[in-house]
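Enquirer:
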Amino acid sequence: MAKVHTTVVPARQAYPTRFNRLSLVYSTVFTLKLVITPFLAYLTEPFPWTIPPMIHPAWNATSKAEASRLTAVYLQSIYNNQTMLPTTVCYRDVTTNSNMLRLLRPVPPSASECMQYLMCLPGAGLYTEGMRELVCSFLSESEQGRARMSWQHCDHVLMAGLPMGDYCLWFEATGKPTDFMVYHALLIWEDPVLSWCKLVYRCVLATYIVRVLWRRYYSHYHVLLRNLETLGWANADRGGTAPSFSAFEVIVGDPTYMVLSDPFVSIAMMTDIWMGLPYLAIATERTSQITDVWNFVLGCMYSARYVWAGYLMMWIVSKVVQRHGWERSFQPVEPAHMAMLAYMYGGPLVLLMNNSALMVPIHALIDLSVHDREGMFDAIPGCIYWTTIMAVVPVVTSTSWKLWRRCRRVRGTAHDLQATSLCRRRYCPRLYNDWKSRCVLAVALRRVPRTVRVEGGRLYSFLEHQPRFRRMPLFSHRGADSIVLAFVADRTVARQFRLTFRGCLALDGSTAVDVEGITACATAVPATFCTLSSVKCPSCPPTPFEGPHRLYLHKGANDCQWMLYPDGNAPREVAQE
1 MAKVHTTVVP
11 ARQAYPTRFN
21 RLSLVYSTVF
31 TLKLVITPFL
41 AYLTEPFPWT
51 IPPMIHPAWN
61 ATSKAEASRL
71 TAVYLQSIYN
81 NQTMLPTTVC
91 YRDVTTNSNM
101 LRLLRPVPPS
111 ASECMQYLMC
121 LPGAGLYTEG
131 MRELVCSFLS
141 ESEQGRARMS
151 WQHCDHVLMA
161 GLPMGDYCLW
171 FEATGKPTDF
181 MVYHALLIWE
191 DPVLSWCKLV
201 YRCVLATYIV
211 RVLWRRYYSH
221 YHVLLRNLET
231 LGWANADRGG
241 TAPSFSAFEV
251 IVGDPTYMVL
261 SDPFVSIAMM
271 TDIWMGLPYL
281 AIATERTSQI
291 TDVWNFVLGC
301 MYSARYVWAG
311 YLMMWIVSKV
321 VQRHGWERSF
331 QPVEPAHMAM
341 LAYMYGGPLV
351 LLMNNSALMV
361 PIHALIDLSV
371 HDREGMFDAI
381 PGCIYWTTIM
391 AVVPVVTSTS
401 WKLWRRCRRV
411 RGTAHDLQAT
421 SLCRRRYCPR
431 LYNDWKSRCV
441 LAVALRRVPR
451 TVRVEGGRLY
461 SFLEHQPRFR
471 RMPLFSHRGA
481 DSIVLAFVAD
491 RTVARQFRLT
501 FRGCLALDGS
511 TAVDVEGITA
521 CATAVPATFC
531 TLSSVKCPSC
541 PPTPFEGPHR
551 LYLHKGANDC
561 QWMLYPDGNA
571 PREVAQE
């Protein structure tokens, strides 16, 4: 195999090069979002310095019934009509590390409507068997019996056998004998030492994310700017010659792909999520109602953290797909789309599951995890169930999107000419991007005529036909692309270039016997960037097949990792786009 050399370029004529300011702001915002992702848990979790000592209201109880009564009495002293406003639906008491959800519910006329009544109660999807029996017993009682008796039930919650807290359900009488205020509360037992350990863990994780972003993405912009300033626009397949461009502007992309495709970040995030399992119950309570909109939003944001289970599954499936050559069966998924799906699952879907018969499977899982029919249950099975749901979402999305594209392609065979024209144009930066990048480019390129020639989108056409060269088949990396605007002497934009990060391609997917493969070679002349081309340079190693379908990767100067696949007849954007 030929040895690959790095071409070091001496200083030459200076070409003014700058970053696009809007893209810098955009990229910085999403970088900050990625870095603070571990700390978004504190929208629901308390900070370590605010956690009170663990409270065990039933520490001296001698029976299960007494433990349930003492715990309920303690929570009732915190949450009642005297301590809260009548309009309060959700309340988080940080002094006791507890949370409450309550709703005013009329009693149905028939005791046979237990299941229908259950679906109207607060946090019903989290009810244990004892709580469900309490509801049915409450309905079967007479009006005098309901007013005379105390209606309450509490259970201990475990996580893998370790105590996590207490769940309680109770009914409180109102001025009307047919209306009751129904409370569902959770008391969390968390050691302040564990909370401090989680904070340190999240700081380390955030530091690692910064390291990934710098080493795998931002540091390579320095090389690109250096090459543009010293070489201008010099292509390896054009003998190192540069067109008459006088200045350049670099539009920075979205680095999200670099973090989401890192398995260590996903594993670390899932570990962090599982360490905060008790607070998922609080998020579930908040998203099980829509009356308090702000608490509903907070619940959605916390539940959406489980999207990292999807990112981890995408990485695992990508490796399996590459190993078996199944790339054509999957379509890359946009990170932004995954985030939106996570909010849909973490919000509206949880709301639906807690207010419909869809809660029945959750109750079955709770019953399976019961250690003691009347006293305690383990939350691990329910957490595994929710993690599995979030993990399969990207796989289903990827295969469904691929199937839809195939069906659309079959339906469009009668319009081959028009489809070909659209296909040649659709990889331009303004169109072929996620919605965040489209919004940024719409502003950043607002003064660039749509008739300006665009190069670089041809790579995505190649990947559509040869998906085995994607390093991560289930991850879409197009948002990470960098756009370079080339100016001529009169300060008008003469051309747009779309550069893709070389690390997004799996160049090891090509073998010596591939007819349509990629051969990496050294660069004979200084070049601004890496170039994919059918033109073979003298330093390219020999291959059995050297036809027009074989591509050669020419290395850029100063080990530049940005890559261009030049268009032979570059498509032009038209005003109708």
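Quick note on this note's numbering: the sequence shown kicks off at 1 and runs consecutively. The beta carbon of each residue, even a glycine, is placed where N, CA and C say it ideally should be.
Nearest to S246 by alpha carbon, out of P361, H363, M270, T230?
Expert: The shortest Cα separation from S246 among P361, H363, M270, T230 belongs to T230.
Enquirer: Return the first residue and the last residue of the alpha helix (DSSP H) that Y578 is part of.
Expert: The chain is shown from 1 up to 577; residue 578 falls before or after that span and cannot be answered.
Enquirer: In angstroms, rounded to a whole number, what distance separates the CA positions of L553 and L224?
Expert: About 17 angstroms.
Enquirer: So Q589 and W170 are in contact, right, with Cβ under 8 angstroms, and what is the actual spacing, rounded?
Expert: Given a span of 1 to 577 for the chain in the structure shown, any question on residue 589 remains unanswerable.
Enquirer: Please state if the CB of T287 and the CB of C300 are separated by a distance shorter than 8 angstroms.
Expert: A contact, by the Cβ cut-off of 8 angstroms.
Enquirer: DSSP three-state call for N295: helix, strand or coil?
Expert: N295 falls in the helix class under three-state DSSP.
Enquirer: Mind checking which residues open and close the beta strand (DSSP E) that includes I251?
Expert: 247–251 is the extent of the beta strand (DSSP E) around I251.
Enquirer: Could you tell me the alpha carbon to alpha carbon distance between V515 and Q466, rounded to whole angstroms?
Expert: Low per-residue confidence applies at V515: pLDDT is 47, beneath 50, and the placement is therefore not dependable enough to give any value.
Enquirer: Taking the alpha carbon of R495 as the reference point, which residue from R328, M344, C383, R450 has its own alpha carbon closest?
Expert: Of the candidates R328, M344, C383, R450, the one whose C-alpha sits nearest the C-alpha of R495 is R450.
Enquirer: Check each candidate in T492, G556, D378, T44 and name the one with the smallest Cα separation from Q297.
Expert: Sequence check: residue 297 is Val here, not Gln. Here the closest residue by C-alpha is T44.
Enquirer: Can you tell me the Cα-Cα spacing of G125 and A160, whole angstroms?
Expert: Approximately 20 angstroms, taken between the alpha carbons.
Enquirer: Among T528, M164, R430, which one has its Cα closest to the Cα of D481?
Expert: Checking every option, the nearest Cα to that of D481 belongs to R430.
Enquirer: Tell me, which residues are paired with G165 by DSSP?
Expert: Partner(s): V157, I188.
Enquirer: Look up L368 in the DSSP assignment and say whether it is helix, strand or coil.
Expert: Helix.
Enquirer: Report buried or exposed for Q82, applying the criterion of at least 16 other Cβ atoms within 10 angstroms of its Cβ.
Expert: So Q82 ends up on the exposed side.
Enquirer: So, for N433: in the same chain, excluding its five sequence neighbours on each side, which residues have a beta-carbon less than 7 angstroms away from its beta-carbon?
Expert: Around N433: L441, R478, G479.
Enquirer: Of all the options D254, V307, M376, I316, which has the alpha carbon lying nearest to the alpha carbon of W435?
Expert: Nearest option by C-alpha distance: D254.
Enquirer: Are the CB atoms of G123 and H153 within a distance shorter than 8 angstroms?
Expert: No, the Cβ-Cβ distance between H153 and G123 is not below 8 angstroms.
Enquirer: Please return the same chain residues whose Cβ sits closer than 7 angstroms to the Cβ of W151, not counting the five positions on each side in sequence.
Expert: Cβ within range, chain order: L134, F138, W170, F171.
Enquirer: Below 8 angstroms, how does it come out for the segment 17–35 and the segment 199–215: are there three or more Cβ pairs, yes or no?
Expert: A contact exists between the segment 17–35 and the segment 199–215.
Enquirer: Can you tell which of Q322, R323, W386 has the C-alpha that lies nearest to the C-alpha of G346?
Expert: Nearest option by C-alpha distance: W386.
Enquirer: Go ahead and pull the three-state DSSP assignment for V535.
Expert: Coil, per DSSP.
Enquirer: Expressed to the nearest angstrom, what Euclidean distance is found between the alpha-carbon atoms of S266 and P109?
Expert: Each residue's Cα considered, the two are about 51 angstroms apart.
Enquirer: What's the gap between the Cα of P48 and the Cα of D490?
Expert: P48 and D490: Cα-Cα distance of roughly 59 angstroms.
Enquirer: Return helix, strand or coil for F47, following the three-state DSSP convention.
Expert: Looking at F47 - three-state DSSP - the assignment turns out to be coil, as it is neither helix nor strand.
Enquirer: Between the Cα of Y183 and those of A336, A173, S140, spot the shortest distance and give me the residue it belongs to.
Expert: It is A173.
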